[in-house]
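Student:
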Amino acid sequence: MIGLMDCNNFFVSCERLFRPDLLRKPVAVLSSNDGCIVARSQEVKDLGVPMGVPYFQVKEVLTKAGATLFSSNFTLYRDISARVMKTLESEVGFIDVYSVDEAFFELPDDTTEEEIAALRARIIAQVGIPVSIGVAETKTLAKQASVLAKKNNGVCILTSDLWKEKMDTVLCGSVWGVGRQTTVKLRAMGVETVAQYIALPLPILRQYFGVVGERTQKELQGVSVYAVGEGAREESQQSIMSTRSFEKTTTNLHDLESAIGYHVTEVAEKLREKKVSAVRMSVMILPSRHGDFFLHRGSAEVVFSPPTNATQKLLSEALLQLSTIYEKDVPYKKAGVVVSALVPEDYSTGTLFAEQKVDTKKIDVLTDMLNDKFGHGTVRSGVILKNGARGSAKLRSKEYTTRWGDIPTVQAK
Ligand SMILES: [Mg+2]
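Letter by letter, the sequence shown follows residues 252 to 664 in this note's numbering.
Quick look at the structure:
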């Protein structure tokens with residue numbers, strides 16, 4: 252059997268972990284720049300606030316309900332996610348991390364609901380994040396089971412008998428991997444429920460939905476196509492990106508340098524964390540979509556030989572490229588950096604004309620260590636203005652678990 256563990260309202264749960272006074276109260280988390288709602292507590296969902304909606308559209312409803320809002324605090328969410336995953340891994344062995352708050356794993360066929368409930372209870376007790384666990388014969392069905400689990404004490408074993416009962420009422424749009432376009436297409440063919448989808452003849456399915464549609468049908472029939480562990484392959488991604496919109500547009504080159512500097516620092520840190528170097532790097536600056544300025548979008552690519560993950564090397568090249576694509580008087584809205592063609596760090600063909608330069612490796616190692624210990628951005632390149640590219644995040648909570656100064660104080664009476 253395949254299990255899927257899914258954290259409930261994950262970002263909200265992370266915030267509540269350090270604000271227990273917010274349990275059972277409406278809480279929502281905003282995207283970067285505090286633009287949209289990206290996580291909702293059950294109380295906010297019950298108010299009818301949809302996922303991804305711009306904050307200003309629901310501000311009144313939320314204020315009236317006395318909701319507490321947070322800016323995204325990814326440093327906190329990543330750390331809590333790592334704790335949840337580590338705990339799950341220690342319980343079930345190999346796990347296939349699917350997203351920041353979900354992981355698949357294998358279970359013996361005779362696992363009982365009590366055993367799964369006990370596993371769930373141990374994760375909650377050790378990390379403090381509420382989770383749901385769905386168990387079924389395939390990944391697609393485990394995903395359905397985890398939805399049912401949320402309505403049923405957090406645990407659901409979707410046996411084939413139970414699934415046969417449910418599939419008449421489950422809509423295709425709720426199935427893992429069935430997107431909006433596919434749903435529209437299916438509806439036009441008169442196919443609304445999973446039972447109808449399963450009944451579709453193979454040639455028709457192949458003709459209209461290709462191999463993916465066929466695989467989904469198999470998975471829904473309880474024939475496993477996507478093995479646990481497949482997700483791990485997706486993780487060895489071939490590019491790393493850091494990009495962000497500005498709160499207000501800017502025509503100032505220094506602002507752009509600061510933003511690019513910030514994004515280079517971000518990707519360089521990730522490269523070193525993954526012990527890889529980049530062959531290619533693109534730098535991009537995008538103007539506001541209003542007016543004719545969209546024609547002025549600029550991007551430039553650099554190829555490194557040998558590949559590198561050194562902040563200074565990446566940064567000096569990025570700033571050079573920026574100066575070639577920057578245009579005066581264009582209101583820029585967004586900047587970003589992408590590194591791709593990633594190779595293992597120790598992989599180096601060496602170049603005949605290798606430059607004799609200061610060893611910047613030590614600086615990077617030291618910077619990473621200091622930022623790890625004292626918080627993100629403690630040591631940064633001089634080109635980065637203080638909070639220059641971080642955008643607005645006025646409601647961000649503290650880095651409770653990763654920064655010495657932010658450790659919460661508890662008073663016992
Ligand atoms: Mg979740």
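Where a beta carbon is used, it is the ideal one built from N, C-alpha and C, also for glycine.
Quick one, which of Ala316, Leu413, Cys407, Gly286 has its alpha-carbon nearest Lys296's?
Tutor: The candidate whose alpha carbon is nearest that of Lys296 is Ala316.
Student: Report yes or no: do the stretch 505 to 520 and the stretch 284 to 304 share at least 3 C-beta pairs separated by less than 8 Å?
Tutor: Short answer: they don't touch.
Student: Apply the 10 Å Cβ neighbour rule to Trp414 and answer buried if 16 or more other Cβ atoms are within range, or exposed otherwise.
Tutor: By the 10 Å Cβ count, Trp414 comes out buried.
Student: Specify, as a first and last residue, the run of the alpha helix (DSSP H) that Phe345 falls within.
Tutor: First-last for Phe345: undefined, no H or E at that position.
Student: DSSP has Met336 in a bridge; who is on the other side?
Tutor: Answer by DSSP bridge pairing: none, since Met336 is not bridged.
Student: Does ligand 1 have even one heavy atom less than 8 Å from the beta-carbon of Cys258?
Tutor: At least one heavy atom of ligand 1 is nearer than 8 Å to the Cβ of Cys258, so yes.
Student: Which complete beta strand (DSSP E) runs does the stretch 344 to 387 hold, if anything under 3 residues is left out?
Tutor: If we require 3 residues or more, the beta strand (DSSP E) runs fully inside the stretch 344 to 387 come out as 346 to 350, 353 to 357, 382 to 387.
Student: Tell me the DSSP bridge mates of Tyr583?
Tutor: Note: Tyr583 sits in a beta bridge opposite Thr501, Pro538.
Student: By a C-beta neighbour count over all protein chains shown, 10 Å radius and 16 as the cutoff for buried, is Thr363 buried or exposed?
Tutor: Its Cβ having fewer than 16 others within 10 Å, Thr363 is exposed.
Student: Are the Cβ atoms of Glu443 and Leu437 separated by less than 9 Å?
Tutor: In this structure, Leu437 lies closer than 9 Å to Glu443 by Cβ.
Student: For Ile658, does the count of other Cβ atoms within 10 angstroms reach 16, so buried, or fall short, so exposed?
Tutor: So Ile658 counts as exposed.
Student: What three-state label does DSSP hand Leu298 in the structure shown?
Tutor: Residue state, collapsed to three classes: coil.
Student: What distance in whole Å lies between the Cβ atoms of Leu409 and Val386, which are believed to be in contact at a cut-off of 8 Å?
Tutor: That pair is a contact at about 7 Å.
Student: So, with DSSP's three-state summary, where would you put Met532?
Tutor: Residue state, collapsed to three classes: strand.
Student: With DSSP run on the structure shown, which of helix, strand or coil describes Val263?
Tutor: In the structure shown, Val263 sits in a helix (DSSP, three-state: H, G or I).
Student: Short check: CB of Ile346 to CB of Val378, under 9 Å?
Tutor: For Ile346 and Val378, no; Cβs fall outside 9 Å.
Student: Rounded to whole angstroms, what is the Cα-Cα separation between Thr629 and Met620?
Tutor: If I take the Cα positions, the gap works out to 10 Å.
Student: Rounded to the nearest angstrom, what separates Glu416 and Lys521 at their Cα positions?
Tutor: Roughly 47 Å separates the two Cα atoms.
Student: Are there any heavy atoms of ligand 1 lying less than 8 Å away from the beta-carbon of Phe460, as far as the coordinates show?
Tutor: Flag unset: Cβ of Phe460 not near ligand 1.
Student: Quick one: what's got a C-beta closer than 8 Å to Thr502's C-beta in the same chain, skipping five residues either side?
Tutor: Counting only Cβ-Cβ distances below 8 Å, and skipping sequence neighbours, we find Lys579, Asp580, Val581, Pro582, Tyr583.
Student: Give me the Cα-Cα distance between Ala483 and Val348, rounded to the nearest whole angstrom.
Tutor: Caution applies to Ala483, whose pLDDT of 44 falls short of 50 and renders its modelled position unreliable; the model cannot decide the point.
Student: Going by C-alpha distance, which of Val476, Cys265, Ile384 is nearest Phe356?
Tutor: With distances taken between Cα atoms, Phe356 lies closest to Ile384.
Student: State yes or no: is the C-beta of Ala529 within less than 9 Å of the C-beta of Thr611?
Tutor: No, Cβ-Cβ distance for Ala529 and Thr611 is not below 9 Å.
Student: To the nearest whole angstrom, what separates the beta carbons of Ile253 and Thr389, a pair I think is in contact under 8 Å?
Tutor: About 6 Å separates the two Cβ atoms, so the contact holds.
Student: How big is the Cα-Cα spacing for Asp419 and Ala393?
Tutor: Each residue's Cα considered, the two are about 17 Å apart.
Student: Taking all protein chains shown into account, decide if Trp427 is buried (16 or more other Cβ within 10 angstroms of its Cβ) or exposed.
Tutor: Counting Cβ neighbours within 10 Å, Trp427 comes out buried, since at least 16 surround it.
Student: Would DSSP call Ala592 helix, strand or coil?
Tutor: DSSP places Ala592 in strand when its eight states are reduced to three.
Student: Report the three-state DSSP secondary structure of Asp419 (helix, strand or coil).
Tutor: Reduced to three states, the DSSP call for Asp419 is coil.
Student: Bridge partners for Ile576 per DSSP, in chain order?
Tutor: DSSP, once it has assigned bridges, lists no residue as partnering Ile576.
Student: Which word fits Leu617, buried or exposed, when buried means at least 16 other C-beta atoms lie within 10 angstroms of its C-beta?
Tutor: When all chains shown are included, Leu617 counts as exposed.
Student: Checking the sheet assignment: what are the DSSP bridge partners for Pro305?
Tutor: Note: Pro305 sits in a beta bridge opposite Cys287.
Student: Any chance the CB of Glu266 is under 8 Å from a heavy atom of ligand 1?
Tutor: Outside the cutoff, so no.
Student: Met256 and Leu313 - do their beta-carbons sit closer together than 9 Å?
Tutor: Taking 9 Å as the Cβ cut-off, Leu313 and Met256 do not qualify as a contacting pair.
Student: Just list the residues that DSSP pairs Gly254 with in beta bridges.
Tutor: Answer by DSSP bridge pairing, in chain order: Phe356, Val386.
Student: Please work out which residues of its chain come closer than 8 Å, Cβ to Cβ, to Val351, disregarding the five sequence neighbours upstream and downstream, and give them in chain order.
Tutor: Correct list, in chain order: Phe261, Tyr328, Arg329, Ser332.
Student: Run the CB neighbour count on Glu486, radius 10 Å, all protein chains shown included, and call it buried at 16 or more, exposed below.
Tutor: Only weak support is given to the placement of Glu486: the predicted model assigns it a pLDDT of 42, under 50, and the value that follows is read from those uncertain coordinates. With fewer than 16 other Cβ atoms within 10 Å, it is exposed.
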